[in-house]
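Accompanying notes for the structure given below.
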Amino acid sequence: MKQCLLILCLILGSVQAAEVERNSLGMAFVKVPAGEFMMGNDEAPEALAAAYPELPKERFTQLGDEGPVHRVRITRSFWMGQYEVTVGQFRRFVEASGYVPESIADGTGGYGWRADYDPATTRRGDAFEGRDVRYSWRNPGFAQSDEHPVVNVTWNDAQALAAWLSKTEGKHYRLPTEAEWEYACRAGTRTRYSAGDDPKSLVRAANVFDVRTAKYWPRWAPMALKGDDGFAFTAPVGSFAPNAWGLYDMHGNAWEWVADWHGEEYYARSPVDDPQGPAEGTVRVRRGGSWHTWPFYARAAYRNWNAPDTRYTLVGIRLLREQ
Ligand SMILES: [Ca+2]
Ligand SMILES: [Ca+2]
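In the working numbering, the protein residues as written are 161 to 483.
Pasting the structure below:
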């Protein structure tokens, strides 16, 4: 018993070692030190095919933008959101600021899940219904409490949230750069996930498309995580183990918008110090995968993107506060 207590104290001690601050909306931020890391992925398609035998082989040749692996130096420490922005925090922002989120302001709505919705009946064959004004950050069709990550929010909504917080608190909030995001996600690791190389390491570390989610989308069951992570849809933030720097849900739950434009060739010419992404572009990067994402696409190096006015049931926000 004494030994158990000692171990518990050691575990709690290591978690508490992360320096955490809360802001006016109740968001927690973890101090991330300046440092260096190797960004990107250069695994051979054959190695990936062996690790993810359920996926068609051509999937592994479509990852050109993850390389080359290159050294990145983050020259300034920063405060990273410990969790994704929650529904409750976003609501407090909307109420205090009067901001009208883009899906409502433009009158086209968001996307949502409906039990009797059949993708086969739609032209796009999308997994979710929309756009439709019945859906927005308030309602993605499935149940969410104030502790769940807000989704159906656009890159522009994230800018508005960061600008309002900066003005209100006199501090500088923004989205992380793509490099800051991957640095914080990896937390010193070089593996596919911060919990290891094995997709099964996600069962306790991330909310992804698992056997539970597959019950609702049986056609993709073969791609699901081979395990039950406990959540078919979004999970309350912080439901899974944190990474080594005390950050939660960097893999899975909601995709996270980052600041950068996406550039297919950018890594080949990225500066070493504090890369900011291409100077221009048409789509913004999102990272980390989501509750509806197969494990392969929740890897630390994987990059996806959308237009800045995209809103979707899988995409949310994590903010950074400058030192
Ligand atoms: Ca899940
Ligand atoms: Ca996430």
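No residue lacks a Cβ here, since even glycine has one placed at the ideal position from N, Cα and C.
Residue from the options whose Cα sits closest to the Cα of residue i
i, options, result
"Thr328", "Tyr243, Val245, Tyr271 and Ser257", "Ser257"
"Gly441", "Glu179, Arg447, Ala392 and Trp465", "Trp465"
"His452", "Ala392, Ala265 and Trp405", "Ala392"
"Thr246", "Trp415, Pro435, Ala460 and Ala461", "Trp415"
"Glu206", "Phe302, Ala355 and Thr221", "Thr221"
"Asn403", "Gly186, Leu208, Asp225 and Tyr243", "Tyr243"
"Pro158", "Trp315, Ser263 and Val293", "Since the first residue shown for the chain is 161 and the last is 483, residue 158 is missing from the structure and cannot be characterised."
"Glu342", "Trp405, Gly224, Val254 and Arg274", "Trp405"
"Arg463", "Arg447, Ile234 and Arg471", "Arg447"
"Ala265", "His308, Ser354 and Val254", "Val254"
"Ala461", "Asp225, Ser450 and Gly269", "Asp225"
"Gly398", "Met187, Asn183 and Glu179", "Met187"
"Ala241", "Tyr277, Asp286 and Pro309", "Going by the sequence as given, residue 241 is Gly instead of Ala. Per the Cα distances, Pro309."
"Gly412", "Trp297, Glu214, Ala365 and Leu208", "Ala365"
"Gly449", "Ala419, Val180 and Thr394", "Thr394"
"Ser263", "Arg291, Arg251 and Arg252", "Arg291"
"Leu480", "Glu338, Ala209, Gly285 and Ala439", "Glu338"
"Ile234", "Arg379, Pro438 and Glu340", "Glu340"
"Trp297", "Thr281, Trp273 and Arg283", "Trp273"
"Pro261", "Ala439, Val313 and Pro382", "Val313"
"Gly285", "Arg379, Glu214 and Leu223", "Arg379"
"Met383", "Glu214, Ala210 and Ala178", "Glu214"
Inter-residue spacing [alpha-carbon to alpha-carbon] between residue i and residue j
i, j, result
"Pro216", "Pro455", "14 Å"
"Asp388", "Phe369", "9 Å"
"Gly267", "Tyr259", "14 Å"
"Ala347", "Gly476", "21 Å"
"Val432", "Ala323", "28 Å"
"Pro435", "Val232", "8 Å"
"Ser174", "Tyr408", "Any reading at Ser174 must be qualified, since the residue scores a pLDDT of 46, below 50, and its modelled position is unreliable; the value itself is stated next. Straight-line Cα distance between these residues: approximately 15 Å."
"Pro279", "Trp377", "10 Å"
"Trp417", "Cys345", "13 Å"
"Pro193", "Thr349", "15 Å"
"Thr470", "Asp357", "31 Å"
"Gly269", "Val190", "33 Å"
"Asp116", "Ala374", "With the chain covering 161 to 483 only, the question about residue 116 has no answer from this structure."
"Tyr212", "Ser184", "43 Å"
"Met410", "Val445", "14 Å"
"Gly227", "Tyr427", "6 Å"
"Ala419", "Gly195", "20 Å"
"Ala204", "Glu218", "13 Å"
"Pro336", "Arg478", "8 Å"
"Glu181", "Gly437", "28 Å"
"Val443", "Arg429", "19 Å"
"Tyr457", "Leu223", "11 Å"
"Ala381", "Pro396", "23 Å"
"Thr282", "Tyr295", "17 Å"
Cβ neighbours of residue i in the same chain (closer than 8 Å, five flanking residues each side left out)
i, result
"Leu385", "Pro359, Lys360, Leu362, Val363, Val368, Phe369, Asp370, Val371, Trp454 and Pro455"
"Glu482", "Arg236, Phe238, Trp239, Lys331, His332, Tyr333 and Arg334"
Contacting residues, own chain, Cβ-Cβ under 6 Å from residue i (five flanking each side not counted)
i, result
"Thr473", "Tyr271, Phe288, Pro300 and Val311"
"Gly390", "none"
"Val229", "Met198, Gly200 and Asp202"
"Ser326", "His332 and Tyr333"
"Val293", "Gly269"
"Arg252", "Leu185"
"Ala178", "Val190 and Gly406"
CB contact below 9 Å: residue i versus chain D
i, result
"Val475", "No chain D is part of this structure, which consists of one protein chain only."
Residues near residue i in its chain [Cβ-Cβ closer than 7 Å; skip 5 each side]
i, result
"Arg352", "Arg459 and Ala460"
"Leu208", "Phe220"
"Phe400", "Arg364, Ala365, Ala366, Asn367, Tyr408 and Asp409"
*Report yes or no: do three or more beta-carbon pairs, one from the region 316-324 and one from the region 423-439, lie closer than 8 Å?*
no
*Which whole runs of the alpha helix (DSSP H) in the region 331-407 are 4 residues long or more, in chain order?*
338-346 and 371-374
*Counting Cβ pairs, one atom from each stretch, are 3 or more of them under 8 Å apart for the region 237-252 and the region 291-309?*
yes
*Which full runs of the alpha helix (DSSP H) of 4+ residues lie inside the region 183-252, going along the chain?*
205-211
_beta strand (DSSP E) segments (min. 3 residues) lying fully within the region 442-467_ = 444-447 and 463-466
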